[in-house]
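S.K.: Structure in structure tokens, see below.
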Amino acid sequence: MQIEDKVAIITGSSRGIGREIALKFAANGAKIVVNYPVDGEAENAEAVVDEIKDLSAEAIAVKADVTDSEEVTALIKETRKEFDKIDILVNNAGITRDKLLMRMREKDWDSVLDVNLKGAFNTTKAVSRVMMKQREGTIINIASVVGLMGNAGQANYSASKAGLIGFTKSVAREMAKRNITVNAVAPGFIETAMTDELSDDVIEEMTANIPLEDLGQPEDVADTVLFLASDAAKYITGEVIRVDGGMAM
Ligand code: NAP
417 MQIEDKVAII TGSSRGIGRE IALKFAANGA KIVVNYPVDG EAENAEAVVD EIKDLSAEAI
477 AVKADVTDSE EVTALIKETR KEFDKIDILV NNAGITRDKL LMRMREKDWD SVLDVNLKGA
537 FNTTKAVSRV MMKQREGTII NIASVVGLMG NAGQANYSAS KAGLIGFTKS VAREMAKRNI
597 TVNAVAPGFI ETAMTDELSD DVIEEMTANI PLEDLGQPED VADTVLFLAS DAAKYITGEV
657 IRVDGGMAM
């Protein structure tokens, strides 16, 4: 799975699945842009950069809130200044604001759609200009199985992830003639801070619905993203790959 010397931006990569993708890419020879959203919270991102440097790979940390198109433009500019090109974009940044629909506030809806869907629009639009000129590139969107099957208490989140899957397929069709592939990965329940919030009862109930009888690990997702980013997947576009222990089959 060589991605030697490729330049990759991974949004929201200071922790969780994004961090694991950044480390996996770096271990396979890529140059990494570790993105984080909040001023004054560079510590985790810088720690990931240090881990990457320990692997003898190159990395920088860049602050950009994906919901802000000006900050995204600056992220692209900084990446090109440092590394000249952009080969891979992973739209990983995501949030949850879970509530039953009757209790969901407008701001719970807006913030989730803003980060999970508009964020991917902002970054993909900005990066695609560069990739179209290069006539080469690959974009991987981190969706979710709940975008395929729905989930009570996650109307906002599942709508954002279903939207991201539709976005993936449309952009894949638009970009194919420029040799740019666009795919999505749909994780099931993966052990990160996002799932740490769930009670033991909920986790037990969820695990009972997973044929492989366990939660997934960030590395399980990172391995699939690495495959999609590599030349081994060069004839795959507009695809959604579930990494869910069989949950949504
Ligand atoms: P996580 O541990 O909560 O990490 C989310 C990352 O996104 C953090 O680095 C966070 O930065 C960043 N982020 C949040 N808002 C952002 C913004 N506006 N701009 C840029 N970055 C932003 O979550 P995770 O579990 O690793 O999830 C990663 C992705 O996988 C998400 O898209 C999620 O929806 C998806 N996913 C996760 C699961 C799961 O079970 N864990 C399942 C399916 C899909 P801060 O650290 O500064 O907050």
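Here our numbering is used: the first residue of the sequence shown is 417, the next is one more, and so on. All residues carry an ideal CB built from backbone N, CA and C; glycine is no exception.
(1) Any chance you could list the alpha helix (DSSP H) runs of at least 4 consecutive residues sitting entirely within the segment 625-664, in chain order?
(2) Report the start-end ranges of each alpha helix (DSSP H) in the segment 500-557 that is 4 residues or longer and not cut off at the edges.
(3) With contact counted as at least three CB pairs below 8 Å, one residue from each stretch, are the segment 473-487 and the segment 526-540 in contact?
(4) Assuming contact is defined by CB atoms lying nearer than 8 Å, are residue 442 and residue 473 in contact in what I supplied?
(5) Should residue 476 and residue 439 be called a contact, given that it needs their Cβ atoms to be closer than 8 Å?
(6) Based on DSSP bridge pairs, tell me the residues matched to residue 452.
(7) With DSSP collapsed to three states, give me the class of residue 460.
(8) Got a sec: does the ligand NAP put a non-hydrogen atom nearer than 7 Å to the Cβ of residue 605?
(9) Pull the bridge partners of residue 447 from the DSSP assignment, please.
(10) Opposite residue 570 in the DSSP bridges: which residues?
(11) Assuming residue 662 contacts residue 628 (C-beta within less than 8 Å), just tell me the rounded distance between them.
(12) Going by DSSP in three states, residue 623 sits in which element: helix, strand or coil?
(13) Grab the span of the alpha helix (DSSP H) containing residue 561 for me, first residue to last.
(14) Leaving aside the five residues before and after residue 632 along the sequence, list all residues of the same chain whose C-beta is less than 8 Å from its C-beta, in chain order.
(15) Give the straight-line distance between the Cα atoms of residue 555 and residue 540, rounded to the nearest whole angstrom.
M.R.: Let me lay it out:
(1) The alpha helix (DSSP H) runs lying completely inside the segment 625-664 and spanning 4 residues or more are 634-645, given in chain order.
(2) Along the segment 500-557, the alpha helix (DSSP H) occurs as fully enclosed runs of 4 or more residues at 522-529 and 535-550, listed in sequence order.
(3) The segment 473-487, when compared against the segment 526-540, does touch it at the 8 Å Cβ threshold.
(4) A contact, by the Cβ cut-off of 8 Å.
(5) By the CB criterion at 8 Å, residue 476 and residue 439 fall outside the cutoff.
(6) DSSP lists 479 as the beta-bridge partner residues of residue 452.
(7) Residue state, collapsed to three classes: helix.
(8) Yes, Cβ of residue 605 sits closer than 7 Å to a heavy atom of the ligand NAP.
(9) Answer is 423.
(10) Residue 570 is bridged to 515.
(11) Residue 662 to residue 628, Cβ: 6 Å. Contact.
(12) Correct three-state label for residue 623: helix.
(13) First-last for residue 561: undefined, no H or E at that position.
(14) Cβ neighbours of residue 632 beyond the five flanking positions: 603, 604, 605, 606, 607, 659, 660 and 661.
(15) Taking the straight line from one Cα to the other gives about 8 Å.
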